[in-house]
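Trainee: Following this message is one structure expressed as structure tokens.
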Amino acid sequence: MTPSRRIATALLSAALSTGALLVPTAAPALAVPAPCQADFNQLQGLNSDLRSLQNDLKSASPQEKADIVAQIREINAQIAVVKPRYERCLRDNDGAKPALLATFTGRVTLTTTDSRVTEPLVRDVSFNLYFDGVNRENVSVRSWPTITSDLIQAGPVSFHVTVRMESNAGQFNRSSGRLSLNLGLLFDEDLAWPADSDSRLPITLSTDQPGGIAMDAAGNVTLAGTSTFNGGHLNGARATLTVTGNVTPRP
Numbered sequence: 333m334t335p336s337r338r339i340a341t342a343l344l345s346a347a348l349s350t351g352a353l354l355v356p357t358a359a360p361a362l363a364v365p366a367p368c369q370a371d372f373n374q375l376q377g378l379n380s381d382l383r384s385l386q387n388d389l390k391s392a393s394p395q396e397k398a399d400i401v402a403q404i405r406e407i408n409a410q411i412a413v414v415k416p417r418y419e420r421c422l423r424d425n426d427g428a429k430p431a432l433l434a435t436f437t438g439r440v441t442l443t444t445t446d447s448r449v450t451e452p453l454v455r456d457v458s459f460n461l462y463f464d465g466v467n468r469e470n471v472s473v474r475s476w477p478t479i480t481s482d483l484i485q486a487g488p489v490s491f492h493v494t495v496r497m498e499s500n501a502g503q504f505n506r507s508s509g510r511l512s513l514n515l516g517l518l519f520d521e522d523l524a525w526p527a528d529s530d531s532r533l534p535i536t537l538s539t540d541q542p543g544g545i546a547m548d549a550a551g552n553v554t555l556a557g558t559s560t561f562n563g564g565h566l567n568g569a570r571a572t573l574t575v576t577g578n579v580t581p582r583p
């Protein structure tokens, strides 16, 4: 956490313990990250109400005190919910976090509707993911691994297919663990002929797709997606790709 964010958290903690207003009448020295603004505003209102009730309690009659104490307990209960959520939001939206090069280690499973590929292609893989942006929300694949099929027999011809990556871009949400990658994959057949035998697969792999699982605190994640091949011998066939494993360190 940056010094500015530590100051903001300290101000919040002090306000919650004393009932004082969180922010003075002057503009705050630190801009609240947009995703945290609603919780920030709610805490301001709760602290203001708490302070008012505490002042009222000092001069309340015995009959009034029980009702005021009940209101104070209700506000403290709300603060107990909002405060940790707000502090977590500050941590997750710390713009000072540097870019991160992480390592994904796991397994890729590919199935297709092409009649020549009757068994899933399963490979253990390791590659790098690069996270950057204000909140490490941008992600890209680095060092794409070599993924080659077993020998494919098509009539008198036998060949292998190597999956190469032509393009990629992605998004990541550190709070929810949701991750998506938009990939452009080239399925390169090792045939000298014909020249147009290679196929391309534009596919979005996501934790939101069926079979996907958001990244947990330990970096475990599953991405899944389905798309259609364009061109070459695989043209028109459907492909389902699942990538499951661990990202270390967890961004």
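In the working numbering, the protein residues as written are 333 to 583. Note that the Cβ used here is the ideal one computed from N, Cα and C, for glycine as well.
Kindly list the residues whose CB is nearer than 6 Å to the CB of T560, restricted to its own chain and excluding five residues on each side of it in sequence; keep chain order.
Mentor: R570
Trainee: CA-CA distance, Q376 and Q369?
Mentor: 11 Å
Trainee: Are L555 and G568 touching if we call contact CB-CB under 8 Å?
Mentor: no
Trainee: In three-state terms, what does DSSP make of L382?
Mentor: In the three-state reduction of the DSSP assignment, L382 falls in the helix class, which pools H, G and I.
Trainee: Per DSSP, what are the beta-bridge partners of M497 in this structure?
Mentor: L517
Trainee: Starting from L422, follow the alpha helix (DSSP H) in both directions and report where the run begins and ends.
Mentor: P394 to D424
Trainee: Pairs of beta-carbons, one from the stretch 439-451 and one from the stretch 474-485, closer than 8 Å: are there three or more?
Mentor: yes
Trainee: So, at 8 Å on beta carbons, what are the nonlocal neighbours of L513 in its own chain, with the 5 sequence-adjacent residues on each side left out?
Mentor: A distance below 8 Å between beta-carbons, with the five flanking residues on each side excluded, links L513 to the following residues of its chain, in chain order: V471, V473, N500, A501, G502, T536, L537, S538 and L555.
Trainee: Look up L389 in the DSSP assignment and say whether it is helix, strand or coil.
Mentor: helix
Trainee: Count the other CB atoms, across all protein chains shown, that sit within 10 Å of the CB of V579; report buried if there are 16 or more and exposed otherwise.
Mentor: buried
Trainee: Assign L573 to one of two classes, buried (16 or more other C-beta atoms within 10 Å of its C-beta) or exposed (fewer than that).
Mentor: buried
Trainee: Would you mind sorting T313 into buried or exposed? The rule is 16 or more other CB atoms within 10 Å of its CB.
Mentor: Since the first residue of the chain shown is 333 and the last is 583, residue 313 is not available in this structure.
Trainee: Assign L433 to one of two classes, buried (16 or more other C-beta atoms within 10 Å of its C-beta) or exposed (fewer than that).
Mentor: exposed
Trainee: So D522 and H565 are supposed to be a Cβ contact under 8 Å. How far apart are they, rounded?
Mentor: No, D522 and H565 are not in contact; Cβ-Cβ is about 12 Å, not under 8 Å.
Trainee: Can you tell me whether P581 is buried or exposed, with buried defined as 16 or more other CB within 10 angstroms of its CB?
Mentor: It is exposed - the Cβ of P581 has fewer than 16 other Cβ atoms within 10 Å.
Trainee: Is L483 helix, strand or coil when you go by DSSP?
Mentor: coil
Trainee: Taking the CB atoms as reference points, tell me whether F463 and F504 lie closer together than 8 Å.
Mentor: yes
Trainee: Apart from the five residues on each side of it in sequence, which residues of its chain come closer than 7 Å, Cβ to Cβ, to S481?
Mentor: Here the set comprises L453, H492 and V493.
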